[in-house]
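S.K.:
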Amino acid sequence: MMPCVLLLFETQHSRLLESAQTLAVTAATDRSEWPDRLHRFRRALVHHDRMEREVLGELGVRAAPDELSASFDLVMAAEGGPTAGRVAKAARKVARIIEDHALAQETGVFPALSERHPLRLRHQLGGRYFLSGENRWDAADAPPAAA
1 MMPCVLLLFE TQHSRLLESA QTLAVTAATD RSEWPDRLHR FRRALVHHDR MEREVLGELG
61 VRAAPDELSA SFDLVMAAEG GPTAGRVAKA ARKVARIIED HALAQETGVF PALSERHPLR
121 LRHQLGGRYF LSGENRWDAA DAPPAAA
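Going by full-length UniProt numbering, the first residue of the sequence shown is number 1, and it counts up by one from there.
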């Protein structure tokens, strides 16, 4: 059985990846909806960064501050501003960054957590943060259901 904190991270990475892909499609096809999705996606990245920083900090693991939200900001700045085409391109780039970020944690951070901390503590931290409400996504933040 996977420890709760590791499951929390993996779930969040999957949701962020799906949201990035949805943003890319929305920006490329629906000009009226992408600004709102852009704002919600950025907010989800900030919440995720905060969750990672707090949980890893309590476990004594140093985490890069605002890693995903800062990466998204840099990609958006490099694209030259928020137009539908640029947002779609930036979202595709950020999806790859999220995949790399998740893989780096799975191969680097997670094994160290499993070795250094008792299962009970990892479950406590993951469950506490997941249930805290601060990291819950609004229904509007979730990617649309497949038709």
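Ideal Cβ placement from N, Cα and C applies to all residues, glycine included. None of these values were measured; they are calculated from a predicted model.
Let me check understanding here. Comparing Cα to Cα, which of E54, A91, G85 lies closest to Q21?
M.R.: Out of E54, A91, G85, A91 has the C-alpha closest to the C-alpha of Q21.
S.K.: From which residue to which residue does the alpha helix (DSSP H) around T22 run?
M.R.: Unbroken alpha helix (DSSP H) run through T22: 4-29.
S.K.: Quick one: complete alpha helix (DSSP H) runs, 4+ long, within the segment 58-88?
M.R.: Fully enclosed alpha helix (DSSP H) runs of 4 or longer: 67-79.
S.K.: Just confirm the distance between the C-beta atoms of F72 and L45, as a whole number of angstroms; I'd bet it's less than 8 Å.
M.R.: Sure, about 5 Å apart at Cβ, within 8 Å.
S.K.: Based on Cα-Cα distance, which residue from H101, G108, T83, V94 lies nearest to D30?
M.R.: For the residues H101, G108, T83, V94, the minimum Cα distance to D30 belongs to T83.
S.K.: Taking the straight line between their C-alpha atoms, what separation do you get for I97 and E58?
M.R.: Their Cα atoms are separated by approximately 25 Å.
S.K.: Can you list, in chain order, the residues of its chain with a C-beta nearer than 8 Å to that of L17? Leave out the 5 residues immediately preceding and following it.
M.R.: So the list reads A95, I98, E99, A102, once near-sequence residues are dropped.
S.K.: Would you say A90 faces chain D, with C-beta separation under 8 Å as the test?
M.R.: This model lacks chain D altogether, as it is built from one protein chain only.
S.K.: Label T26 either buried or exposed according to how many other C-beta atoms from any shown protein chain fall within 10 Å of its C-beta, with 16 as the threshold for buried.
M.R.: So T26 counts as buried.
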